[in-house]
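Undergrad:
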Amino acid sequence: MDFSEDQIRRYARHILLPEMGGVGQARLLESKALVIGAGGLGSPLIMYLAAAGVGTIGVVDDDQVDLSNLQRQLLHATDRIGMSKVESARLAAAAINPEVRIVGHPARIDASNALDLVSQYDVVADGSDNFPTRFLVNDACRLAGRTLVSAAVLRFDGQLATFKAPGPCYRCLYPAEPPEGEAPTCAEAGVLGAMAGVMGTLQATEVLKELLGIGESLAGSLLIVDGLATGFRKIRLKPDPECALCGPRATIHDLSAHRTLAHAGR
Ligand SMILES: [Zn+2]
2 MDFSEDQIRR YARHILLPEM GGVGQARLLE SKALVIGAGG LGSPLIMYLA
52 AAGVGTIGVV DDDQVDLSNL QRQLLHATDR IGMSKVESAR LAAAAINPEV
102 RIVGHPARID ASNALDLVSQ YDVVADGSDN FPTRFLVNDA CRLAGRTLVS
152 AAVLRFDGQL ATFKAPGPCY RCLYPAEPPE GEAPTCAEAG VLGAMAGVMG
202 TLQATEVLKE LLGIGESLAG SLLIVDGLAT GFRKIRLKPD PECALCGPRA
252 TIHDLSAHRT LAHAGR
């Protein structure tokens, strides 16, 4: 691939990295990443992936920008309150790097579209804010053979993991959704805005590593970040032989269980 002069200047500090070079940068320009959720985690994710020149960035979000988002969702702005988050993300990414293509999916990801959606991308990053979506995205990624980089943040705490076959999946870590009310959301329990930035930025780093195939993949590990103590702990994850999705006696072979669950939840 031949770079233009502007591209060489824009990506100079990437091209300098021996792990990346011009070959790696060209690879990013041809890569496709899907980001689930243009919120607190999605903000640094989308901005760093756009700045890095990831050629196509899909953004799934059916929400509009709200005043209460702006304490942590740096992708959005006060004068864009009421705008769809997907459109706001497109404006923010275009302002950083007009070269990348933002493909907006202003819909809720569900069992009817998840498999098709994740199949269109090389890597998927989940920054969603609820368990049904996390399980659905995990199952769709595993069924479609896509690597999933998953992050979560609450209060001053964060978690980050990469799920890649044949290693453990999200269900190996959490076999079932927690009962309603047992796992509070950021809206219920609060979150330090900068912690969403920390976790989304770490997530962007892992997405870029997966796209480039460099470094040591986080797959098979869970990173636990304690913002109040400034502690980073990495623990080993093992595949769960009883896992309903990736275990030897797997019972999930399509996403039909999610459809039932979505109806049951209403
Ligand atoms: Zn599993």
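Under my numbering, residues 2 to 267 are what the sequence shown spells out, in order. Even glycine gets a Cβ: it sits at the ideal position worked out from N, Cα and C.
Is G59 near ligand 1, with its Cβ less than 7 Å from a heavy atom?
TA: Within the sequence shown, the letter at position 58 stands for residue 59. No - ligand 1 has no heavy atom lying nearer than 7 Å to the Cβ of G59.
Undergrad: Report the residue from F136, L213, C187 and Q204 whose alpha carbon sits nearest the alpha carbon of E178.
TA: Indexing the sequence shown from 1 puts residue 178 at position 177. Measuring from the Cα of E178, the nearest candidate turns out to be F136.
Undergrad: Can you grab the Cα-Cα spacing for the pair F4 / D80, in whole Å?
TA: Position 3 of the sequence shown, counted from the first residue, corresponds to residue 4. Position 79 of the sequence shown, counted from the first residue, corresponds to residue 80. In a straight line, the C-alpha of F4 is about 36 Å away from that of D80.
Undergrad: Would you decide whether M2 is buried or exposed? Buried here means 16 or more other CB atoms lie within 10 Å of its CB.
TA: Counted from its first residue, the sequence shown places residue 2 at position 1. Classification of M2: exposed, given that the 10 Å Cβ count is below 16.
Undergrad: I'd like to confirm the pairing. Which residues does DSSP put opposite T163 in its beta bridges?
TA: As a first step, residue 163 is located in the sequence shown; it is residue number 162 there, counting from the start. Looking at the DSSP assignment, T163 forms a beta bridge with V150 and A220.
Undergrad: Determine, using beta-carbon pairs with one atom in the stretch 64 to 73 and one in the stretch 20 to 32, whether at least three such pairs fall under 8 Å.
TA: The stretch 64 to 73 is not in contact with the stretch 20 to 32.
Undergrad: Would you please state the rounded distance, in angstroms, between the beta carbons of Q26 and Y49? I believe it to be under 8 Å.
TA: Residue mapping note: residue 26 aligns to position 25 of the sequence shown, counting from 1. Residue mapping note: residue 49 aligns to position 48 of the sequence shown, counting from 1. With a Cβ gap of about 14 Å, Q26 and Y49 do not count as contacting.
Undergrad: Got a sec: does ligand 3 put a non-hydrogen atom nearer than 7 Å to the Cβ of V55?
TA: The ligand content of the structure shown is limited to ligand 1, which means ligand 3 is not among them.
Undergrad: Should E217 go down as buried or exposed, given a rule of 16 or more other Cβ atoms within 10 Å for buried?
TA: The residue labelled residue 217 in the question sits at position 216 within the sequence shown. Counting Cβ neighbours within 10 Å, E217 comes out exposed, since fewer than 16 surround it.
Undergrad: Is the CB-CB distance between V87 and V119 below 8 Å?
TA: The residue given as residue 87 occupies position 86 in the sequence shown. The residue given as residue 119 occupies position 118 in the sequence shown. In this structure, V119 does not lie closer than 8 Å to V87 by Cβ.
Undergrad: Have a look at K33 and A52 and give me their C-alpha separation to the nearest angstrom.
TA: Working through the sequence shown from its first residue, we reach residue 33 at position 32. Working through the sequence shown from its first residue, we reach residue 52 at position 51. Straight-line Cα distance between these residues: approximately 14 Å.
Undergrad: Evaluate R267 with the Cβ neighbour count: other Cβ atoms within 10 Å of its Cβ, from every protein chain shown; 16 or more gives buried, anything less gives exposed.
TA: As a working note, residue 267 is residue 266 in the sequence shown. Caution applies to R267, whose pLDDT of 35 falls short of 50 and renders its modelled position unreliable; the model cannot decide the point.
Undergrad: When the Cα of G105 is compared with those of L92, A96, I97 and A112, which residue comes out closest?
TA: By 1-based counting over the sequence shown, the position of residue 105 is 104. Of L92, A96, I97 and A112, the residue nearest in Cα terms is L92.
Undergrad: Going by the beta-carbon positions, is the gap between D140 and I253 smaller than 8 Å?
TA: Locating residue 140 in the sequence shown gives position 139, where the first residue counts as 1. Locating residue 253 in the sequence shown gives position 252, where the first residue counts as 1. Contact: yes.
Undergrad: Hey, how far is the Cα of P107 from the Cα of G182?
TA: Position 106 of the sequence shown, counted from the start, is the residue given in the question as residue 107. Position 181 of the sequence shown, counted from the start, is the residue given in the question as residue 182. Roughly 28 Å between the two C-alpha positions.
Undergrad: Taking 8 Å as the limit between beta carbons, can you name the residues of its chain near A263, skipping five residues before and five after?
TA: In the sequence shown, counting from the first residue as 1, residue 263 sits at position 262. Bear in mind that the predicted position of A263 carries a pLDDT of just 46, short of 50, making it unreliable; the figure below should be weighed with that in mind. Excluding sequence neighbours, A263 sits near D111, A112 and P133.
Undergrad: Alpha carbons only, please: which of I236, L76 and G214 is nearest the one belonging to G221?
TA: In the sequence shown, residue 221 corresponds to position 220, counting from 1. For the residues I236, L76 and G214, the minimum Cα distance to G221 belongs to I236.
Undergrad: In whole angstroms, what is the alpha-carbon distance linking A205 and G214?
TA: The count along the sequence shown starts at 1 and reaches residue 205 at position 204. The count along the sequence shown starts at 1 and reaches residue 214 at position 213. Distance between the alpha carbons of A205 and G214: 14 Å.
Undergrad: I'd like to know whether the C-beta atoms of L161 and L219 end up nearer to each other than 8 Å.
TA: Position 160 of the sequence shown, counted from the start, is the residue given in the question as residue 161. Position 218 of the sequence shown, counted from the start, is the residue given in the question as residue 219. For L161 and L219, yes; Cβs fall inside 8 Å.
Undergrad: Alpha helix (DSSP H) containing K1: first to last residue?
TA: Residue 1 lies beyond the stretch modelled for the chain, which goes from 2 to 267, so this question has no answer here.
Undergrad: Rounded to the nearest angstrom, how far is the Cβ of A197 from that of L42, given a contact under 8 Å?
TA: Numbered from its first residue, the sequence shown carries residue 197 at position 196. Numbered from its first residue, the sequence shown carries residue 42 at position 41. About 6 Å separates the two Cβ atoms, so the contact holds.
Undergrad: Which same chain residues, not among the five before or five after C173, have their C-beta less than 6 Å away from its C-beta?
TA: By 1-based counting over the sequence shown, the position of residue 173 is 172. Excluding residues within five positions, the ones whose Cβ falls inside 6 Å are P240, D241 and C244.
Undergrad: May I have the straight-line CA-CA distance separating C187 from E31, to the nearest angstrom?
TA: Taking the sequence shown and counting its residues from 1, one reaches residue 187 at position 186. Taking the sequence shown and counting its residues from 1, one reaches residue 31 at position 30. Each residue's Cα considered, the two are about 35 Å apart.
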